[in-house]
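In what follows, a single structure is set out as structure tokens and then discussed.
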Amino acid sequence: MKRNSKNFKSPKKNVDSGSDTELAAAGLRMVTIASPSTGLSPRKRAGAALDGPSPVKGSPQKRESSRLIAASGSPLKNSPLKSAVFDSGQRKCSPRKRLLMPADLSPGKTSPKPKLEMPGNRSVNLDDDFSCKEQCSPRKKSLSVISSPVKSSPRKKMDSPLKNVANSYPEATCEDQLTRLKSPRKINETTVLSPRSKRSWQGSSDCPGTEFDPVLEVQRVLRMRISQMNTPPSICGYEKERRQLYDLIKRTAVSGESNSMLLIGPRGCGKSMVIKDVIKKLYEDENIKQDLLLVQLNGLLQTDDRIALREITRQLQLENTVGDKVFGSFAETLQFLLEAIKKGNQNSKPILFVLEEFDLFAQHKNQTLLYNLFDISQSAQAPVCVIGVTCRLSLLDEVAVKDVLERQFSLMNDARGLLSLLTYPVCNISAAHPTISASDLITSFKLISTDTKSTMLHGVSILELAIIIAMKHLTDIYEGEPFNFEMVYSEYLKFARQRSGMQVYEKAIVMKAYEHLQTLELVRSHGSGGTSQKEYKLMNLLVHPAQIMDALQKYPNCPTEMKQWASQSIS
Amino acid sequence: METSTHDGDGMEDYTLDRNILCREVQIKTLLALFGRREHSTPGSVFLYGHTGTGKTLVIQALLEYYKLPHIFINCVECSSLRFLVEEILNNLPLKSQTDTGGASDMEGTGFDDDEDRFIRCDDLTDFVRSFKSLIADSELKKETLYIVLDKAERLRSTNSVILPALLRLQELSGLNVCTIMISEIVWEKFRTGTGFCEPYCINFPDYTRQELLEIMSVDAPPDVDRELYAMYINMVLSVFHMVCRDLRELRHIARLNFDYFIDPVNNGDCEATSTRKLWRNIEPHLKKALKTVYLREVSSHQWELMQQAELADDDSSQAIVAPSRSHVELPFYSKFLLIAAYLASYNPIKCDRRFFAKYSKSSRRMTKLIKKNERASNHLLGPKTFSIDRMMAIFYSIVEGKVIPSAHIYIQISSLVSLHLLSQVGGEDKISAPKYKCLVTLDVIRNIARTVQFDIMRYLYDFL
Numbered sequence: 266m267k268r269n270s271k272n273f274k275s276p277k278k279n280v281d282s283g284s285d286t287e288l289a290a291a292g293l294r295m296v297t298i299a300s301p302s303t304g305l306s307p308r309k310r311a312g313a314a315l316d317g318p319s320p321v322k323g324s325p326q327k328r329e330s331s332r333l334i335a336a337s338g339s340p341l342k343n344s345p346l347k348s349a350v351f352d353s354g355q356r357k358c359s360p361r362k363r364l365l366m367p368a369d370l371s372p373g374k375t376s377p378k379p380k381l382e383m384p385g386n387r388s389v390n391l392d393d394d395f396s397c398k399e400q401c402s403p404r405k406k407s408l409s410v411i412s413s414p415v416k417s418s419p420r421k422k423m424d425s426p427l428k429n430v431a432n433s434y435p436e437a438t439c440e441d442q443l444t445r446l447k448s449p450r451k452i453n454e455t456t457v458l459s460p461r462s463k464r465s466w467q468g469s470s471d472c473p474g475t476e477f478d479p480v481l482e483v484q485r486v487l488r489m490r491i492s493q494m495n496t497p498p499s500i501c502g503y504e505k506e507r508r509q510l511y512d513l514i515k516r517t518a519v520s521g522e523s524n525s526m527l528l529i530g531p532r533g534c535g536k537s538m539v540i541k542d543v544i545k546k547l548y549e550d551e552n553i554k555q556d557l558l559l560v561q562l563n564g565l566l567q568t569d570d571r572i573a574l575r576e577i578t579r580q581l582q583l584e585n586t587v588g589d590k591v592f593g594s595f596a597e598t599l600q601f602l603l604e605a606i607k608k609g610n611q612n613s614k615p616i617l618f619v620l621e622e623f624d625l626f627a628q629h630k631n632q633t634l635l636y637n638l639f640d641i642s643q644s645a646q647a648p649v650c651v652i653g654v655t656c657r658l659s660l661l662d663e664v665a666v667k668d669v670l671e672r673q674f675s676l677m678n679d680a681r682g683l684l685s686l687l688t689y690p691v692c693n694i695s696a697a698h699p700t701i702s703a704s705d706l707i708t709s710f711k712l713i714s715t716d717t718k719s720t721m722l723h724g725v726s727i728l729e730l731a732i733i734i735a736m737k738h739l740t741d742i743y744e745g746e747p748f749n750f751e752m753v754y755s756e757y758l759k760f761a762r763q764r765s766g767m768q769v770y771e772k773a774i775v776m777k778a779y780e781h782l783q784t785l786e787l788v789r790s791h792g793s794g795g796t797s798q799k800e801y802k803l804m805n806l807l808v809h810p811a812q813i814m815d816a817l818q819k820y821p822n823c824p825t826e827m828k829q830w831a832s833q834s835i836s
Numbered sequence: 067m068e069t070s071t072h073d074g075d076g077m078e079d080y081t082l083d084r085n086i087l088c089r090e091v092q093i094k095t096l097l098a099l100f101g102r103r104e105h106s107t108p109g110s111v112f113l114y115g116h117t118g119t120g121k122t123l124v125i126q127a128l129l130e131y132y133k134l135p136h137i138f139i140n141c142v143e144c145s146s147l148r149f150l151v152e153e154i155l156n157n158l159p160l161k162s163q164t165d166t167g168g169a170s171d172m173e174g175t176g177f178d179d180d181e182d183r184f185i186r187c188d189d190l191t192d193f194v195r196s197f198k199s200l201i202a203d204s205e206l207k208k209e210t211l212y213i214v215l216d217k218a219e220r221l222r223s224t225n226s227v228i229l230p231a232l233l234r235l236q237e238l239s240g241l242n243v244c245t246i247m248i249s250e251i252v253w254e255k256f257r258t259g260t261g262f263c264e265p266y267c268i269n270f271p272d273y274t275r276q277e278l279l280e281i282m283s284v285d286a287p288p289d290v291d292r293e294l295y296a297m298y299i300n301m302v303l304s305v306f307h308m309v310c311r312d313l314r315e316l317r318h319i320a321r322l323n324f325d326y327f328i329d330p331v332n333n334g335d336c337e338a339t340s341t342r343k344l345w346r347n348i349e350p351h352l353k354k355a356l357k358t359v360y361l362r363e364v365s366s367h368q369w370e371l372m373q374q375a376e377l378a379d380d381d382s383s384q385a386i387v388a389p390s391r392s393h394v395e396l397p398f399y400s401k402f403l404l405i406a407a408y409l410a411s412y413n414p415i416k417c418d419r420r421f422f423a424k425y426s427k428s429s430r431r432m433t434k435l436i437k438k439n440e441r442a443s444n445h446l447l448g449p450k451t452f453s454i455d456r457m458m459a460i461f462y463s464i465v466e467g468k469v470i471p472s473a474h475i476y477i478q479i480s481s482l483v484s485l486h487l488l489s490q491v492g493g494e495d496k497i498s499a500p501k502y503k504c505l506v507t508l509d510v511i512r513n514i515a516r517t518v519q520f521d522i523m524r525y526l527y528d529f530l
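In order, the protein sequence lines correspond to chains R and C. Position in the first sequence counted from 1, then plus 265, gives you this note's numbering. Position in the second sequence counted from 1, then plus 66, gives you this note's numbering.
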């Protein structure tokens with residue numbers, strides 16, 4: 266611990282060491298720092314966090330990711346604890362140093378690109394040395410990114426909000442932290458199995474006529490958790506990210522600094538959840554709530570810049586909106602909006618833009634909206650904070666993004682997978698069956714992980730199955746080359762005539778079965794078939810041989826000839 | 067109101083008033099997912115299974131039986147984003163129709179009085195906004211609203227964002243909405259773009275033979291003994307179950323052939339209990355049905371007429387029943403042109419000399435040797451293109467008598483093209499040396515050749 270804090274006192278060290286590995290190591294050390302008061306090593310913490318499933322031991326990245334598993338699963342938890350926790354060790358650090366820390370942290374290392382492994386890339390400079398230096402010196406960072414008056418006194422500006430942060434977070438005990446780190450499954454079970462709730466169930470069976478039905482209440486709460494509308498009452502993990510995000514927005518809201526940030530992470534790792542949580546916390550401050558204007562856009566809804574602009578004007582309640590209707594052409598709206606924002610100065614109201622599915626915005630024609638938004642955030646006009654949320658890493662190639670990208674997070678893990686696993690057990694909770702048992706989870710897992718193609722194969726007729734086997738043989742013989750109907754038919758005839766037990770169907774019926782397989786999308790036409798006849802259209806089989814054999818095993822009354830034929834290898 | 071809750075005592079009737087058979091597991095799962103009316107549900111549910119496994123039936127029956135608020139949309143009808151969202155907005159099962167006026171005001175203007183209430187909407191932003199305001203004003207906000215999209219695979223081609231947006235409609239609108247998608251295609255094929263939120267998938271497996279028997283036995287006509295009908299269904303299944311497991315098709319066949327089955331019983335020729343005799347009576351009919359009706363080439367009415375004609379006169383019926391798909395009427399020279407085109411398409415160019423030159427006996431053995439080595443059948447690979455000169459040369463060598471190369475002959479080529487028996491390959495601008503491809507199948511060309519007494523099999527390289 267002493268060693269670690271020493272390390273903290275000399276952040277210049279990091280600046281000097283430009284290499285990737287050292288930086289990652291530095292980041293890791295900071296992970297250890299994050300909770301020394303609990304007295305647990307990170308490995309132990311990971312173990313405690315995972316509880317049920319076996320803890321992933323090994324590389325530091327893995328350890329980190331397992332911590333995140335626990336973190337991202339937390340929505341199911343009931344604890345009212347809302348804020349992140351700082352331990353005493355961290356408090357000793359100066360605010361500036363603390364600010365540095367999250368930038369250096371690299372929770373996920375999924376990306377193949379080296380530049381992405383560095384979480385705090387302030388710029389997308391491919392030259393590692395350069396970016397590292399930039400990253401580690403706050404002064405340089407603000408120079409490169411924000412060309413606003415803020416740059417004159419970066420230290421002062423940063424200090425003030427951070428103090429607030431530190432004050433607003435309550436100090437948590439070790440127990441709190443431990444419970445927060447419990448695995449979601451465990452938590453769920455504890456919720457259900459806790460003696461208090463058990464008692465209430467018994468109560469409900471005794472007197473079913475009471476107004477408050479605990480079973481219903483539990484059902485309601487749990488079902489709410491698995492639905493998409495869910496916002497978890499507390500989040501654990503992502504503390505650095507949340508703090509960083511909080512600071513960033515706060516700087517915009519309080520000191521009128523313009524900022525931008527991109528959150529990158531795979532689907533369901535909690536990007537939107539973090540943003541929601543941070544905004545909620547920001548709004549607890551009355552001043553910020555009054556000042557900060559929030560514009561939330563989603564790439565799925567605002568499918569082009571025109572719609573997006575109208576939505577922005579609507580959400581900002583600018584003068585050209587009457588009720589819900591926005592007037593004016595695209596050019597007019599854009600001009601109006603830009604003027605409205607540009608004529609402001611540092612004292613005008615700060616605007617927070619949250620762009621979900623950011624990659625879709627980058628696909629818009631000319632990227633007018635993005636260019637303008639980032640232009641505003643770069644120039645010293647009204648304070649604007651742009652936060653993009655995306656799961657696409659390839660985004661870094663987009664021009665508009667490349668210029669302004671400040672930092673990326675790689676958050677890992679899919680909490681949604683867990684939710685879908687829990688869906689069925691939770692839905693089945695009733696008075697007679699008040700707990701989720703292990704067998705429920707196993708059944709649910711079986712339901713979810715069934716191979717859909719095999720189940721579809723189970724339902725096809727014998728003839729269609731024979732055709733699929735013929736296709737499989739053709740694919741084997743010609744090493745993955747496409748085939749056409751005539752080839753399949755002659756292969757089928759060869760088989761059907763040899764085994765006298767089988768009924769031989771005429772071409773038109775086989776053709777119909779073949780077309781049925783096409784509509785089921787088990788075969789797909791190879792390239793652009795063009796104008797050729799359907800008999801000669803080249804096709805590819807989309808079913809794996811293993812899936813065929815699997816389906817044959819389960820197929821009811823499958824003739825033994827078929828099984829033999831299918832398992833024949835190329836002679 | 068509390069119909070959809072279950073007490074868990076195992077006495078729940080999962081057949082919905084005995085209308086739906088053999089789908090208890092699926093109904094149970096769906097009911098568990100739906101929960102109570104005011105409970106939130108998973109945001110999206112995906113039902114998949116073969117056609118005729120009761121997906122649509124179960125969903126519709128469930129929603130109507132429990133009177134849950136829902137919208138049912140067939141995606142075949144909604145070919146664009148605009149149609150789909152307007153369909154949803156205008157058919158919301160709103161209980162209070164008072165506040166819709168405000169919503170329709172903000173989107174476009176009604177052109178006449180009838181359309182005043184019609185909500186116009188052409189992008190998803192407007193859709194979600196109108197959707198929220200409509201639901202917030204009505205009673206619906208207290209209950210789960212179900213949006214059912216049948217044939218959901220069509221949505222993939224309409225718009226790249228509509229599918230992900232509908233899947234996370236609950237998240238986007240913040241309302242208690244459940245999107246149910248029904249499709250024949252597995253979920254893996256839907257993941258094409260970005261923004262997907264995995265739905266909860268429920269499989270509808272195919273019916274087993276026993277289940278098919280049980281379901282189809284329900285169709286028994288009122289005046290027929292149940293057991294007799296079940297026996298009949300068993301016979302039908304024994305013929306068709308191997309080829310076809312589509313419940314709809316099987317029902318259709320059973321209905322068409324039942325009269326032939328029941329006739330001997332009604333006439334008194336046969337006892338209702340003598341299974342063997344009844345089987346011998348019905349078997350040929352079913353076998354014939356396997357060849358014709360399963361393909362649905364003729365309507366069932368036509369088929370009945372054909373069957374009656376056959377019963378009346380056994381000799382002349384063969385011509386009518388002969389499948390029309392391999393039957394083409396053509397002028398005399400057109401037939402030869404088509405045969406020539408077929409030969410040119412399916413024979414390698416180097417063996418033309420052997421087939422059509424006058425003195426070719428010496429080379430016969432040699433070509434046979436070549437043939438053994440390269441046995442890649444042309445009939446497997448499809449027709450090849452040929453120049454008009456080659457076709458005309460073959461035409462002159464096979465046609466009987468002397469034919470003057472006149473415009474009369476050439477015009478027939480273009481009419482063959484317009485009948486889609488030939489197709490012109492390459493640009494239409496190649497007037498001097500156009501290239502063609504023959505599109506007819508072997509069966510058709512054999513029928514045509516037979517009408518002009520030409521033995522085409524002797525001239526085909528693949529069949530020597």
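C-beta: ideal position from N, C-alpha, C; glycine also. This one's a predicted model, so the numbers in the text were calculated from it and none came from an experiment.
When C-alpha distances from D815 (chain R) are compared across R:L739, R:V539, R:T720, the shortest belongs to R:T720. No Cβ of chain R is located within less than 8 Å of the beta carbon of E395 (chain C). Per DSSP, the unbroken alpha helix (DSSP H) holding T122 (chain C) starts and ends at 121-131. Bounds of any beta strand (DSSP E) do not take in T507 (chain C), whose DSSP letter is neither H nor E.
For E621 (chain R), the enclosing beta strand (DSSP E) has its first and last residue at 616-621. Around the Cβ of Q833 (chain R), a 10 Å sphere holds fewer than 16 other Cβ atoms; the residue is exposed.
The beta-carbon of G593 (chain R) is placed no less than 8 Å from the nearest beta-carbon of chain C. Along the segment 229-241 of chain C, going in chain order, the ones with a CB nearer than 7 Å to a CB of chain R are P230, A231, R234, Q236, E237, L238, G240. The C-beta of V302 (chain C) comes no closer than 8 Å to any C-beta of chain R. Taken through DSSP and simplified to helix, strand or coil, Y295 (chain C) comes out as helix. Taking Q478 (chain C) as the centre and dropping the five residues before and after it, the same chain places the C-beta of P397, Y399, S400, L403 closer than 8 Å to its C-beta, in chain order.
For A98 (chain C), the nearest beta carbon of chain R is closer than 8 Å to its own beta carbon.
The residues F595, in chain order, have a CB closer than 6 Å to that of R571 (chain R) in the same chain once the five nearest residues on each side in sequence are set aside. Close CB contacts of F710 (chain R) within its chain, under the 7 Å cut and outside five residues either way in sequence, are with L686 (chain order). The continuous beta strand (DSSP E) containing H136 (chain C) extends over residues 136-140. Setting aside the 5 residues that flank it on each side, S145 (chain C) is surrounded in the same chain by T224, each with a C-beta closer than 7 Å to its C-beta; the list follows chain order. At a beta-carbon threshold of 8 Å, the residues of chain C lying near T688 (chain R) are L99, P108, Y266, ordered along the chain.
By the beta-carbon neighbour count (other beta carbons within 10 angstroms, threshold 16), E293 (chain C) is exposed.
For Y527 (chain C), none of the residues of chain R pass the 8 Å Cβ criterion, the least Cβ distance being about 16 Å. Boundaries of the alpha helix (DSSP H) harbouring L229 (chain C): 228-233, taken from the DSSP string. For the set R:S714, R:N693, R:T715, R:F623, the Cα lying nearest the Cα of D705 (chain R) is the one of R:N693. Three or more Cβ pairs closer than 8 Å define a contact, and the segment 92-106 of chain C meets that threshold against the segment 261-279 of chain C.
Closer than 8 Å to the CB of N693 (chain R) there is at least one CB belonging to chain C.
Scanning chain C for C-beta atoms nearer than 7 Å to the C-beta of N563 (chain R) yields L238, reported in chain order.
The Cβ of T568 (chain R) sits closer than 8 Å to at least one Cβ of chain C. Taking a contact as a CB-CB distance under 8 Å, the pair L221 (chain C) and I139 (chain C) does not count as one, their CB atoms being some 10 Å apart. Judged by DSSP in its simplified three-state form, Q829 (chain R) adopts helix.
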